[in-house]
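Per UniProt numbering, numbering through the sequence shown is continuous, rising by one, with the last residue being 452.
No residue lacks a Cβ here, since even glycine has one placed at the ideal position from N, Cα and C.
It should be emphasised that the depicted structure is a prediction, and the values quoted were computed from it without experimental measurement.
Below you'll find the structure, written out as structure tokens, and then a few comments.
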Amino acid sequence: MNFIPTTLTEHLPDLIMMLSMDGIILYTNPAFTLHLLYPAEEIKGKDYQELLHPTLQDARINLADQVLTKTSVSSVVHQLKRKDGTEAIVNWSSVYLQNENILFCTGRMEKEQQHTQQEHLFEALVENTFDLLAVTNEKGIWTYVSESLAKLIGSTRELLIGQYCFDYMHPADLPQLAEQQQALLQGQKKVQGLPYRFRNAAGEWMWMEAIIANQLANPDIKGIIITGRDISDRMAAEKNAKEIKLLEGLREGEEKERSRIARDLHDEISSMIVAAKMHIGILTKTIPLIADNHAYQKGLNLLDQAASQIRRTSHNLMPEILLENGLHKALNWYCSSISNSHLKLQYISLGSATRYSPTFELSLYRIVQELINNIIRHARATEAIIQISYLSNSLMLTIEDNGIGFNKMSQAKGTGLSSIAKRAAVMNGVIEIQSTLGKGTSIYLEFQTEGL
Numbered sequence: 001m002n003f004i005p006t007t008l009t010e011h012l013p014d015l016i017m018m019l020s021m022d023g024i025i026l027y028t029n030p031a032f033t034l035h036l037l038y039p040a041e042e043i044k045g046k047d048y049q050e051l052l053h054p055t056l057q058d059a060r061i062n063l064a065d066q067v068l069t070k071t072s073v074s075s076v077v078h079q080l081k082r083k084d085g086t087e088a089i090v091n092w093s094s095v096y097l098q099n100e101n102i103l104f105c106t107g108r109m110e111k112e113q114q115h116t117q118q119e120h121l122f123e124a125l126v127e128n129t130f131d132l133l134a135v136t137n138e139k140g141i142w143t144y145v146s147e148s149l150a151k152l153i154g155s156t157r158e159l160l161i162g163q164y165c166f167d168y169m170h171p172a173d174l175p176q177l178a179e180q181q182q183a184l185l186q187g188q189k190k191v192q193g194l195p196y197r198f199r200n201a202a203g204e205w206m207w208m209e210a211i212i213a214n215q216l217a218n219p220d221i222k223g224i225i226i227t228g229r230d231i232s233d234r235m236a237a238e239k240n241a242k243e244i245k246l247l248e249g250l251r252e253g254e255e256k257e258r259s260r261i262a263r264d265l266h267d268e269i270s271s272m273i274v275a276a277k278m279h280i281g282i283l284t285k286t287i288p289l290i291a292d293n294h295a296y297q298k299g300l301n302l303l304d305q306a307a308s309q310i311r312r313t314s315h316n317l318m319p320e321i322l323l324e325n326g327l328h329k330a331l332n333w334y335c336s337s338i339s340n341s342h343l344k345l346q347y348i349s350l351g352s353a354t355r356y357s358p359t360f361e362l363s364l365y366r367i368v369q370e371l372i373n374n375i376i377r378h379a380r381a382t383e384a385i386i387q388i389s390y391l392s393n394s395l396m397l398t399i400e401d402n403g404i405g406f407n408k409m410s411q412a413k414g415t416g417l418s419s420i421a422k423r424a425a426v427m428n429g430v431i432e433i434q435s436t437l438g439k440g441t442s443i444y445l446e447f448q449t450e451g452l
């Protein structure tokens, strides 16, 4: 064969095939491979009749008369078998090249076949996407539900098709959805829906974000197309972020109030006690005998105790040692002040103690305070260990006790651990809790400290 493929034959969308007069395939172009899935090197040398669909015995007979002749054929339709076994319908035209003694054949896929292929492609794309797709009629009855949506709801397409879609929507979102549907029915082509909730088979509410398009006038669809995406995780994250931001604001307000009360106690009430003690002390100069009076001495002692208690309370409200000397010394002092015969607290510091931002140090100090208070109130422990590890870009805090432990599912909320977890999240930290009834509790916190 002297025929040389050209750029045109190589890039034509039509199928090109060269046949010898005994029906052997001499050449096929890339479009032939694209539609029939046979590589050129594999199909070359095959008998064309081997490609005919097994059900078309008559076509095999007609082939000799219609194609393998020395005359041109304007149109002959053959049902062919692709390499994967599927059916392809090709409309062939052929011309006899006398100088080459070959048949030059051009073929086109039948439109119906192309349409079927497009349908298969569309279905494959829809069923393998993360997006959710549904079609309803003008009354809101599902006429099509994608497999992805059926799985998300926890049902099947067969059960969902024919049901009223609004039965699955949250009552609070129905007015908005009804308004959007009305806008579509009145001629609006497309609406970008606000996030709305829908119910799955387990009765749980999930969040969807969707674009709704009116295709009622499209004869191939005749419905309203809903293309959506499950945004339940995103909505949960946004809700959690709002709660964390609210908690952060409450904590900031709480710390400001603590600071104000601490200043009032130190600057005003402590000063008043000092002044009261000074004035009472003057009595010993005017009434010398009063110095030996028991009631007088008891009054002075009570003033001293009140002053000491105010200093302790003021320190707990806004620990000066933390602000002046940092987290390590503040925790060491706090654990020493709490430790007693009923609860032995051991403080361990590993690594080089590092100073962080005042806000971070104060927040971590409050977490330790709350966890130790939990041990005192709930754990019935006799021993506890507070360990802090200073690492290059992180800080790890471990608090363990030998108390009664708890069931995490039933008691964690009651002990304030969920609040601590949210506070840790604000500080770019994570918390892990391990507790066994009768064997104590271990709480691990890790914070990323780069830039603090």
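- Query: What does Asp230 pair with, by DSSP beta-bridge criteria?
  - Reply: Counted from its first residue, the sequence shown places residue 230 at position 230. Per DSSP, Met208.
- Cβ-Cβ distance between Gln309 and Ile348 below 8 Å: Residue numbering aside, residue 309 sits at position 309 when the sequence shown is read from its first letter. Residue numbering aside, residue 348 sits at position 348 when the sequence shown is read from its first letter. For Gln309 and Ile348, no; Cβs fall outside 8 Å.
- Along the chain, where does the alpha helix (DSSP H) that runs through Ala31 open and close? Numbered from its first residue, the sequence shown carries residue 31 at position 31. In the DSSP assignment, Ala31 falls within the unbroken alpha helix (DSSP H) covering Pro30 to Leu36.
- At what residues does the beta strand (DSSP E) containing Thr403 begin and finish? By one-based count along the sequence shown, residue 403 stands at place 403. Before going further, note that residue 403 is Gly rather than Thr in the sequence given. Neither: Gly403 is in no beta strand (DSSP E) and is coded neither H nor E.
- Nearest residue (CA-CA) to Ile244, options Pro54, Leu37 and Ser419: Along the sequence shown, one-based indexing puts residue 244 at 244. Closest in C-alpha terms to Ile244, from the list Pro54, Leu37 and Ser419, comes Ser419.
- Pairwise C-alpha distance: Leu343 and Ile433: Along the sequence shown, read from residue 1 onward, the residue named residue 433 stands at position 433. Along the sequence shown, read from residue 1 onward, the residue named residue 343 stands at position 343. Taking the Cα positions, Ile433 is about 21 Å away from Leu343.
- Counterpart residues of Phe198 in DSSP-defined beta bridges: Sequence index remark: in the sequence shown, residue 198 carries index 198 (1-based). Met169 and Met206, per the DSSP bridge assignment.
- With DSSP collapsed to three states, give me the class of Ile161. Position 161 of the sequence shown holds residue 161. Ile161: coil per DSSP, three-state reduction.
- Considering only residues of the stretch 258 to 312, which uninterrupted alpha helix (DSSP H) runs meet the minimum length of 4 residues and lie entirely inside it, listed in chain order? Entirely contained in the stretch 258 to 312, the alpha helix (DSSP H) runs reaching 4 residues are, in chain order, 270 to 286.
- With DSSP run on the structure shown, which of helix, strand or coil describes Leu133? Numbered from its first residue, the sequence shown carries residue 133 at position 133. If DSSP states are grouped into helix, strand and coil, Leu133 belongs with the strands.
- First and last residue of the uninterrupted alpha helix (DSSP H) at Ile367: Here residue 367 refers to the residue found at position 367 when the sequence shown is read from its first residue. Its alpha helix (DSSP H) spans residues Pro358 to Asn374.
- Would you tell me roughly how many angstroms separate the C-alpha atoms of Ser394 and Lys242, rounded to the nearest one? In the sequence shown, counting from the first residue as 1, residue 394 sits at position 394. In the sequence shown, counting from the first residue as 1, residue 242 sits at position 242. A direct Cα-to-Cα measurement between Ser394 and Lys242 gives close to 25 Å.
- Is Ala172 closer than 8 Å to Leu160 when the C-beta atoms are compared? Here residue 160 refers to the residue found at position 160 when the sequence shown is read from its first residue. Here residue 172 refers to the residue found at position 172 when the sequence shown is read from its first residue. Going by C-beta atoms, Leu160 is not nearer than 8 Å to Ala172.
- Classify Lys344 as helix, strand or coil using the three-state DSSP reduction. The residue given as residue 344 occupies position 344 in the sequence shown. The three-state secondary structure of Lys344, taken from DSSP, is strand.
- Message: Output needed for His416: all residues of its chain with C-beta closer than 8 Å, excluding positions within five of it in sequence on either side, in chain order.
- Response: In the sequence shown, the residue the question calls residue 416 occupies position 416. The sequence shown places Gly at residue 416, not His. Taking C-beta separations shorter than 8 Å and ignoring five residues to either side along the sequence, the partners of Gly416 in its chain run Glu370 and Asn374, following chain order.
- Message: With H, G and I counted as helix, E and B as strand and the rest as coil, what does DSSP make of Asp14?
- Response: On the sequence shown, position 14 is the one that residue 14 refers to. It is coil, neither helix nor strand.
- Query: Can you give the Cα-Cα distance for Asn301 and Thr398, rounded to whole angstroms?
  - Reply: Taking the first residue of the sequence shown as position 1, residue 301 is located at position 301. Taking the first residue of the sequence shown as position 1, residue 398 is located at position 398. Those two C-alpha atoms are separated by around 41 Å.
- Item | Whole-angstrom distance between Gly203 and Glu209, CA atom to CA atom | Numbered from 1 along the sequence shown, position 209 holds the residue referred to as residue 209. Numbered from 1 along the sequence shown, position 203 holds the residue referred to as residue 203. The straight-line gap from Cα to Cα measures roughly 19 Å.
- If Lys46 sits next to Leu26, beta carbons under 8 Å apart, how far is it from one beta carbon to the other, in whole angstroms? The residue you call residue 46 lines up with position 46 of the sequence shown. The residue you call residue 26 lines up with position 26 of the sequence shown. Separation of the CB atoms of Lys46 and Leu26 is rounded to 10 Å, and the pair is thereby denied contact status at 8 Å.
- Message: On the criterion of 16 or more Cβ atoms from any shown chain inside 10 Å, does Lys439 qualify as buried, or is it exposed?
- Response: Counted from its first residue, the sequence shown places residue 439 at position 439. Counting every other CB atom within 10 Å of its CB across the protein chains shown gives Lys439 a total below 16, marking it as exposed.
- Which word fits Val274, buried or exposed, when buried means at least 16 other C-beta atoms lie within 10 angstroms of its C-beta? On the sequence shown, residue 274 is found 274 positions in, with the first residue counted as 1. Of the residues assessed, Val274 falls on the exposed side of the cut-off, its CB having fewer than 16 other CB atoms within 10 angstroms.
- Just mark Glu400 as buried or exposed, buried being the case when its beta carbon has 16 or more other beta carbons within 10 Å. Here the question's residue 400 lines up with position 400 in the sequence shown. By the 16-neighbour rule on beta-carbons within 10 angstroms, Glu400 is buried.
- Coarse secondary structure for Thr436, derived from DSSP in three states: Within the sequence shown, the letter at position 436 stands for residue 436. Three-state DSSP puts Thr436 in a strand.
- Item | Burial state of Met109, where buried means 16 or more other Cβ atoms lie within 10 Å | Here residue 109 refers to the residue found at position 109 of the sequence shown. Answer is buried; the Cβ neighbour count reaches 16.
- In three-state DSSP terms, what is Lys427? Here residue 427 corresponds to residue number 427 of the sequence shown, with the count starting at 1. The displayed chain sequence assigns Met, not Lys, to residue 427. Met427: coil per DSSP, three-state reduction.
- Leu246, buried or exposed, once every other Cβ within 10 Å from all chains shown has been counted against 16: Here residue 246 refers to the residue found at position 246 of the sequence shown. So Leu246 ends up on the exposed side.
- Task: Could you tell me the distance, in whole angstroms, from the CA atom of Arg311 to the CA atom of Pro358?
- Result: Residue 311 sits at position 311 when you count from the first residue of the sequence shown. Residue 358 sits at position 358 when you count from the first residue of the sequence shown. Distance between the alpha carbons of Arg311 and Pro358: 21 Å.
- Three-way DSSP call (helix, strand, coil) for Glu147 in this model: Here residue 147 refers to the residue found at position 147 of the sequence shown. The answer is helix: DSSP assigns Glu147 an H, G or I state.
- Counting Cβ pairs, one atom from each stretch, are 3 or more of them under 8 Å apart for the stretch 11 to 22 and the stretch 92 to 108? Yes, since at least three Cβ pairs between the stretch 11 to 22 and the stretch 92 to 108 fall closer than 8 Å, the two stretches touch.
- Task: Would you give the residue range spanned by the alpha helix (DSSP H) that Glu42 belongs to?
- Result: Residue mapping note: residue 42 aligns to position 42 of the sequence shown, counting from 1. Ala40 to Ile43 is the extent of the alpha helix (DSSP H) around Glu42.
- Please go through the same chain and pick out, in chain order, the residues whose beta-carbon is closer than 7 Å to the beta-carbon of Glu446, but skip the five residues on each side of it. In the sequence shown, residue 446 corresponds to position 446, counting from 1. Sequence-distant partners of Glu446 (beyond 5 residues in either direction) whose C-beta falls short of 7 Å from its own C-beta, in its chain, are Ser394, Met396, Gly429 and Val430.
- Query: To which residues of the same chain is residue 453 closer than 7 Å at the C-beta, ignoring the five residues directly before and after it?
  - Reply: Residue numbering for the chain in the displayed model covers 1 to 452; residue 453 lies beyond these limits and cannot be assessed.
- Message: Let me check one thing: in DSSP terms, what residues is Asp84 bridge-paired to?
- Response: Translated into positions along the sequence shown, residue 84 becomes position 84. Answer is none; Asp84 lacks a bridge partner.
- CB-CB length for Leu452 against Tyr390, believed under 8 Å: Working through the sequence shown from its first residue, we reach residue 452 at position 452. Working through the sequence shown from its first residue, we reach residue 390 at position 390. Not quite, the Cβ-Cβ distance comes to about 12 Å (not below 8 Å), so this is no contact.
- Item | Closest by C-alpha distance to Glu257, when choosing among Ala384, Glu179 and Leu317 | Taking the first residue of the sequence shown as position 1, residue 257 is located at position 257. Its Cα nearest to that of Glu257, the residue Leu317 stands out among Ala384, Glu179 and Leu317.
- Message: When you compare the CB of Ile16 with every CB in chain D, is at least one pair closer than 8 Å?
- Response: Annotation note: the requested chain D is absent from the structure, which comprises a single protein chain.
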